[in-house]
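Q:
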Amino acid sequence: MSAKIQSVKGTRDFYPDVLAPIRQIFDAWRRVSIRHGFQEWDGPTLELLDLYREKSGDELVGQLYRLTDSGGRELALRPEMTPTLARMVAAKINALPKPIKWFCVATLFRGENVQRGRLREFFQWNVDVIGSADMTADAEVILVGVEALRELGLTQADFQVHISNRRLVQAILSAAGIPVESHGGAYALMDKAGKLPREETARRWSEAYGSAISYEKLDALMSVATLPELRAAVGAIAPATADLESAASDTERLLAILQDFGIIEYCKINLRVVRGLAYYTGPVFEFYDRSENERAICGGGRYDDLLGKLGRAGEPAVGFGMGDVVLSLILEEKGLLKPARKGGDVMVVDAAESVRPTLHTVVAALRRGGVAADFSYAHQAIGKQLKMADKIGVSRVVILGDETTSAGRVRIKDMAGGAEREVALETLLADPRSTLGL
RNA sequence: GUGAGUGUAGCUCAAUUGGUUAGAGCACCAGGUUGUGGUCCUGGGGGUUGCGGGUUCGAUCCCCGUCAUUCACCCCA
Numbered sequence: 000m001s002a003k004i005q006s007v008k009g010t011r012d013f014y015p016d017v018l019a020p021i022r023q024i025f026d027a028w029r030r031v032s033i034r035h036g037f038q039e040w041d042g043p044t045l046e047l048l049d050l051y052r053e054k055s056g057d058e059l060v061g062q063l064y065r066l067t068d069s070g071g072r073e074l075a076l077r078p079e080m081t082p083t084l085a086r087m088v089a090a091k092i093n094a095l096p097k098p099i100k101w102f103c104v105a106t107l108f109r110g111e112n113v114q115r116g117r118l119r120e121f122f123q124w125n126v127d128v129i130g131s132a133d134m135t136a137d138a139e140v141i142l143v144g145v146e147a148l149r150e151l152g153l154t155q156a157d158f159q160v161h162i163s164n165r166r167l168v169q170a171i172l173s174a175a176g177i178p179v180e181s182h183g184g185a186y187a188l189m190d191k192a193g194k195l196p197r198e199e200t201a202r203r204w205s206e207a208y209g210s211a212i213s214y215e216k217l218d219a220l221m222s223v224a225t226l227p228e229l230r231a232a233v234g235a236i237a238p239a240t241a242d243l244e245s246a247a248s249d250t251e252r253l254l255a256i257l258q259d260f261g262i263i264e265y266c267k268i269n270l271r272v273v274r275g276l277a278y279y280t281g282p283v284f285e286f287y288d289r290s291e292n293e294r295a296i297c298g299g300g301r302y303d304d305l306l307g308k309l310g311r312a313g314e315p316a317v318g319f320g321m322g323d324v325v326l327s328l329i330l331e332e333k334g335l336l337k338p339a340r341k342g343g344d345v346m347v348v349d350a351a352e353s354v355r356p357t358l359h360t361v362v363a364a365l366r367r368g369g370v371a372a373d374f375s376y377a378h379q380a381i382g383k384q385l386k387m388a389d390k391i392g393v394s395r396v397v398i399l400g401d402e403t404t405s406a407g408r409v410r411i412k413d414m415a416g417g418a419e420r421e422v423a424l425e426t427l428l429a430d431p432r433s434t435l436g437l
């Protein structure tokens with residue numbers, strides 16, 4: 000065993016039965032994206048290291064897979080798509096009609112510790128709208144995410160979208176008298192609140208920010224789940240500033256559009272959603288399984304300043320990323336992943352060695368006619384060929400008997416019921432799919 | 001990076017306080033079945049018990065190291 004080369008930690012070997020359910024997820028992602036008017040794009044897996052350095056600083060670079068090419072250039076395997084997106088969009092910003100609605104399904108790499116729901120190589124679906132500051136864009140990307148999960152069989156009982164707003168939270172903290180430079184620490188503590196005992200969070204909060212706003216008041220604010228509650232809580236805590244009013248009305252509008260889209264029941268306000276990313280500027284959201292036993296299925300938000308920082312032209316943007324790992328875990332738990340289908344539609348079998356040439360011809364013709372057809376490479380007892388047909392899971396078997404075949408006729412067997420009928424070979428080849436009843 | 005758990009066949013697991021040739025189910029292959037699959041019956045292949053060292057007459061079992069893996073912490077683009 001020790002002599003064998005192992006797979007790299009945090010990567011997966013996609014055997015057919017492992018890949019099949021993931022394909023199912025990819026297909027849903029693509030279908031739903033296209034249905035909502037998004038175009039697929041992709042970029043290189045390798046990027047210059049600087050692309051990520053500029054965006055997020057050196058601390059993040061530590062989690063990158065880095066390499067140096069033969070020309071001495073420092074490269075990185077992409078850990079996310081947004082910088083690539085920003086780079087590509089910036090390069091053609093004047094040629095692209097706005098809003099730009101793009102999606103991709105990409106392999107990403109992050110050199111972090113492997114645990115449940117986190118791997119080092121994984122797939123992520125990204126959906127972004129660039130060039131619109133309107134809350135309709137935010138609502139639309141949320142809609143796309145919700146519809147994809149519905150497409151995969153999840154319901155309102157299974158998951159929920161937690162929506163917050165960076166600007167709103169920031170305005171609240173500012174209005175309460177906490178200086179902007181302390182907001183980072185405040186976010187971190189709010190984010191941690193779910194993991195620490197309440198008293199501990201309260202104690203830490205009081206020490207750091209208690210003079211500005213008591214933990215009880217903050218907690219009450221962070222606990223609001225509906226718009227009226229939000230309005231009331233905001234009014235109770237701080238004087239209305241222009242920022243506060245603007246962020247609150249954005250949130251109001253976002254929720255109104257989500258209601259129009261018919262997905263408001265999937266959504267709730269949760270101001271505790273902070274998102275680790277520094278670049279979010281407005282609404283942020285995360286999709287969670289209702290049990291909340293797993294990590295977020297999906298996370299995203301508005302990042303109006305990022306493109307301007309990376310390229311010359313600033314454009315408002317909003318988007319999300321949804322990974323395959325947590326989603327697979329959840330779909331698996333709920334039994335929503337279909338098992339791999341081994342074979343095709345039909346297997347062609349011969350009852351005698353003498354019809355082998357015909358069998359080859361028939362198989363090729365069926366395949367050309369759009370039927371997934373398989374066959375045994377050598378003549379075997381018909382029982383064995385049927386056993387193989389059963390094993391690969393085809394629904395029909397075409398049987399070539401020596402007498403019937405020379406008479407220009409074949410049998411079609413329905414594997415589920417076992418019934419057989421005889422048809423002219425000519426008819427089968429003229430219209431394979433309907434003759435087979437597929 | 002930190003802490004804990006787990007490593008026996010492709011998979012899920014056994015193996016008497018340390019004792020003969022490490023077993024079973026599933027899966028796989030073949031036969032029963034030379035013109036008809038599923039069920040059933042029979043047989044077969046597949047293991048240096050993760051790896052290395054130690055204790056012992058003897059180690060899957062005890063000890064040390066190492067690697068892998070899982071979970072949690074940290075972090076999370």
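Using numbering that gives the first Met the number 0, you'd call the opening residue of the first sequence number 0 and step up by one each time. We put the beta carbon where it would ideally sit given N, CA and C, even for glycine.
Quickly, what does DSSP pair His161 with across the bridge? List them, please.
A: Lys267 and Glu285
Q: Tell me Gln114's beta-bridge partners as DSSP assigns them.
A: Gln114 is bridged to Arg117.
Q: Buried or exposed, going by whether 16 or more other CB atoms sit within 10 Å of the CB of Asn292?
A: exposed
Q: Can you give me the C-alpha to C-alpha distance between Lys386 and Arg117, rounded to a whole angstrom?
A: Rounded to the nearest angstrom, the two C-alpha atoms are 41 Å apart.
Q: Out of curiosity, what's the CA-to-CA distance linking Pro15 and Glu215?
A: 53 Å
Q: Looking only at its chain, what residues have a beta carbon closer than 7 Å to the beta carbon of Met134, apart from the 5 residues adjacent to it on each side?
A: Asp249, Arg252, Leu253 and Ile256
Q: When the Cβ atoms of the region 314–327 are set against those of the region 129–144, are three or more pairs found closer than 8 Å?
A: Result yes; three or more Cβ-Cβ pairs closer than 8 Å.
Q: Would you list the one or two residues that DSSP bridges to Trp101?
A: Gln38 and Asp127
Q: If you draw a straight line from the alpha carbon of Ala207 to that of Trp101, how long is it in whole angstroms?
A: 42 Å
Q: Could you give the first and the last residue of the continuous alpha helix (DSSP H) run that contains Ala136?
A: Met134 to Glu150 is the extent of the alpha helix (DSSP H) around Ala136.
Q: Going by Cα to Cα distance, which pick from Asp288, Ile296, Ser181 and Ala201 is closest to Asp323?
A: Cα-wise, what sits closest to Asp323 is Ile296.
Q: Taking only three categories from DSSP, how would you classify Tyr186?
A: helix
Q: Output the distance between the C-alpha atoms of Ala339 and Asp242, rounded to the nearest integer angstrom.
A: 53 Å
Q: Between Pro196, Ala363 and Val354, which has its C-alpha nearest Arg408's C-alpha?
A: For Arg408, the closest alpha carbon among the candidates Pro196, Ala363 and Val354 is that of Val354.
Q: Around the C-beta of Ile391, are 16 or more other C-beta atoms found within 10 angstroms, so that it is buried, or is it exposed?
A: exposed
Q: Are the region 147–159 and the region 214–234 touching, with three or more C-beta to C-beta distances below 8 Å?
A: Output reads no: the region 214–234 does not touch the region 147–159.
Q: The alpha helix (DSSP H) that contains Val347, what's its start and end?
A: Element bounds for Val347: not the alpha helix (DSSP H) but the beta strand (DSSP E), Val345 to Asp349.
Q: Work out the CA separation of Leu50 and Ala175 for me, nearest whole Å.
A: 37 Å
Q: Taking 8 Å as the cut-off, decide whether the C-beta atoms of Val143 and Val126 are in contact.
A: yes
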